[in-house]
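Residue numbers are given in the numbering used here: position 161 of the sequence shown equals residue 294, and the series is strictly consecutive. Cβ atoms here follow ideal geometry from the backbone N, Cα and C, with glycine treated the same way. Contents: one structure, followed by commentary.
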Amino acid sequence: MNKKKIKPSSIVLFLVCCAVAVAMIMPFLWMVSASFKLRNEIFSRPIQWIPQTFHKDNYETILEKIPFSRYFFNTAKITIIITLLQLITCSMAAYAFSKLHFPGRDTIFLCYLGTMMVPWHAIMIPQFIVIQKLHLYDNHLSLILTGAFSAFGVFLLRQNMLSIPDSLNEAAKIDGCGPVGIYLRIILPLTKTGLATLTVLTFNGTWNDYMGPMIYLDKDVNRTIQLGLATFKREFDTNYGAIMAGTVISLIPVVIIYVTMQKYIVEGIAYSGVKG
134 MNKKKIKPSS
144 IVLFLVCCAV
154 AVAMIMPFLW
164 MVSASFKLRN
174 EIFSRPIQWI
184 PQTFHKDNYE
194 TILEKIPFSR
204 YFFNTAKITI
214 IITLLQLITC
224 SMAAYAFSKL
234 HFPGRDTIFL
244 CYLGTMMVPW
254 HAIMIPQFIV
264 IQKLHLYDNH
274 LSLILTGAFS
284 AFGVFLLRQN
294 MLSIPDSLNE
304 AAKIDGCGPV
314 GIYLRIILPL
324 TKTGLATLTV
334 LTFNGTWNDY
344 MGPMIYLDKD
354 VNRTIQLGLA
364 TFKREFDTNY
374 GAIMAGTVIS
384 LIPVVIIYVT
394 MQKYIVEGIA
404 YSGVKG
């Protein structure tokens, strides 16, 4: 029986990847550990990764001192709606730019793609003025409407749809399927890896967004988790255990979404690497 010989370079690469993975996960482990510690235990040296006594009152403090459940609900509401809207708008636009043929299609796509080169800070003030004129300031609709479209999402899904053979579309047309039917029955099921990737990126970006809610939201009842944690930090800047506890809770939905969609993302990467 022939045994495959392992190259030294592969071993070195594996060790480097392991070192990078450990370096990246250590801050998260420290955060979880600190959420169960008192202040003097958090900054003790050497670091005690497993607390001798788990102080669950840090979680009780963060839930009692601020309306955390309200912040959590607001963030989940905004994030879920924006993610769903981006999946709809980006997939429809990507389908049009990749599978439909109309005059100026590629030119329009390049112009749309060019908006990615404009930094958000350049349009921040004009966008704020528009939101004010529409009387949407301090309203969740301001964040939802400004986040419902994504040039990057269109680009991502278009590249994914270009890998789908046009012969499938032609076969569907012969069977009497129209553009809408092709989009719903053929294109979307075959683009699940791209949709999963866009879901993770959009959910993570919207859930952790701080600048948008800080600019467009004012009343405490409308604030998101990121604003709530910032407010708690200003008022209780020495309670690091409670701050870490709130951060841990805020990361749970992001982790769940990533774990749920990870299989499809890996499948997409593996599929894109297959040649011939």
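Item                                                                                                                                                                                 : Value
Rank Leu276, Ala378, Ile385 and Val388 by C-alpha distance to the C-alpha of Leu196 and give the top, closest one.                                                                   : Ala378
So within the segment 266–326, which uninterrupted alpha helix (DSSP H) runs reach at least 4 residues, ignoring any that extend past its ends?                                      : 273–280, 284–295, 299–307 and 312–315
So, are the CB atoms of Thr240 and Asn372 less than 9 Å apart?                                                                                                                       : no
Out of Ala375, Asn337, Met394 and Phe242, which one is the CA nearest neighbour of Thr216?                                                                                           : Asn337
Under a Cβ-count criterion, where at least 16 other Cβ atoms within 10 Å of its own Cβ denotes burial, should Asn191 be classed as buried or exposed?                                : buried
Count the C-beta pairs between the segment 212–228 and the segment 317–334 that are closer than 8 Å, then say yes if the count reaches three, no if not.                             : yes
Give me, in chain order, the residues of the same chain whose beta-carbon lies closer than 8 Å to that of Arg238; leave out the 5 immediate sequence neighbours on both sides.       : Ala229 and Phe230
Can the beta-carbon of Ser383 be found less than 9 Å from the beta-carbon of Ile348?                                                                                                 : no
What did DSSP end up calling Ile199 once you bin it into helix, strand or coil?                                                                                                      : coil
According to the Cβ coordinates, are Pro179 and Gly361 closer than 9 Å?                                                                                                              : no
Which term fits Ile320, buried or exposed, when burial requires 16 or more other beta carbons within 10 angstroms of its beta carbon?                                                : buried
Might you give, ordered along the chain, the residues of its own chain that have their beta carbon closer than 8 Å to the beta carbon of Met416, omitting 5 neighbours on each side? : In the structure as shown, the chain begins at 134 and stops at 409. Residue 416 is therefore absent and cannot be evaluated.
Do you know how far the Cα of Ile213 is from the Cα of Ile262?                                                                                                                       : 26 Å
Tell me the rounded alpha-carbon separation between Asn302 and Cys223.                                                                                                               : 19 Å
Can you name the start and end residues of the alpha helix (DSSP H) that Ile144 belongs to?                                                                                          : Pro141 to Ala167
Whose CA, out of Gly374, Leu323 and Leu276, lies closest to the CA of Tyr397?                                                                                                        : Leu323
Can you tell me whether Phe369 is helix, strand or coil according to DSSP?                                                                                                           : coil
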